[in-house]
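Undergrad:
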Amino acid sequence: MSDGPDKSRLDALEGRLETLREGKTPKPREESHYSQAQAGWRMVTELVTGLLLGFGIGYGLDVLFGTLPVLMIIFTMLGFIAGVRTMMRTAQEIQDKKMQSDAPVAPAGKDEMYDDD
1 MSDGPDKSRL
11 DALEGRLETL
21 REGKTPKPRE
31 ESHYSQAQAG
41 WRMVTELVTG
51 LLLGFGIGYG
61 LDVLFGTLPV
71 LMIIFTMLGF
81 IAGVRTMMRT
91 AQEIQDKKMQ
101 SDAPVAPAGK
111 DEMYDDD
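Residue numbers for the sequence shown follow our numbering, beginning at 1 and rising by one.
The structure is reproduced here in structure tokens:
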């Protein structure tokens, strides 16, 4: 009878513990899901900001000139158009980034994918 631990049993236990630890490692988060949500909120914020700025400028000018609802309506429409243009620019930036990350790598020695010769 030995007072020391059995080496083979300890090694087997260590192996089982290691496999359990590997199985419990947390999976990395899907960052694309969060980046898409962030882009969506950015676009919504840009549209609302354009509307609010247009409304504020129009209302302020209407009060100043005494032409209440005319300039408010005009500048609200201009703010909406500016917000939509900003949203479209943001969507184009996102699409360009996506296209660059998904772009296929050209084979070595080929400058063009298709030859028209």
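All residues carry an ideal CB built from backbone N, CA and C; glycine is no exception.
Do you know offhand how far Ala103's Cα is from Leu52's?
TA: Taking the straight line from one Cα to the other gives about 39 angstroms.
Undergrad: Hey, would you say Gly79 sits closer than 7 angstroms to Gly50, going by beta carbons?
TA: yes
Undergrad: In chain order, what residues of the same chain lie with their CB nearer than 6 angstroms to the CB of Ile57, ignoring the 5 residues before and after it?
TA: Phe75
Undergrad: Pick from Gln92, Leu47, Leu10: whose alpha carbon is nearest that of Met77?
TA: Considering only alpha carbons, the answer is Leu47.
Undergrad: Relative to the alpha-carbon of Val44, which residue among Asp96, Lys98, Gln100, Arg89 has its alpha-carbon at the smallest distance?
TA: Here the closest residue by C-alpha is Arg89.
Undergrad: What residue range is occupied by the uninterrupted alpha helix (DSSP H) comprising Lys7?
TA: 7-23
Undergrad: In angstroms with no decimal places, state the Cα-to-Cα distance between Pro5 and Glu14.
TA: 13 angstroms
Undergrad: DSSP three-state label for Leu51, please.
TA: Looking at Leu51 - three-state DSSP - the assignment turns out to be helix.
Undergrad: Kindly indicate the opening and closing residues of the alpha helix (DSSP H) around Ala103.
TA: Under the DSSP assignment, Ala103 falls outside any alpha helix (DSSP H); it carries neither an H nor an E label.
Undergrad: Between Ile73, Leu64, Asp62, Ala37, which has its C-alpha nearest Ile94's C-alpha?
TA: Ala37
Undergrad: If I measure Cβ to Cβ from Met72 and keep anything under 7 angstroms in the same chain, skipping five residues before and after, which residues do I get?
TA: Phe55, Gly58, Tyr59, Asp62
Undergrad: Mind checking Gly83: buried by the 16 CB within 10 Å criterion, or exposed?
TA: buried
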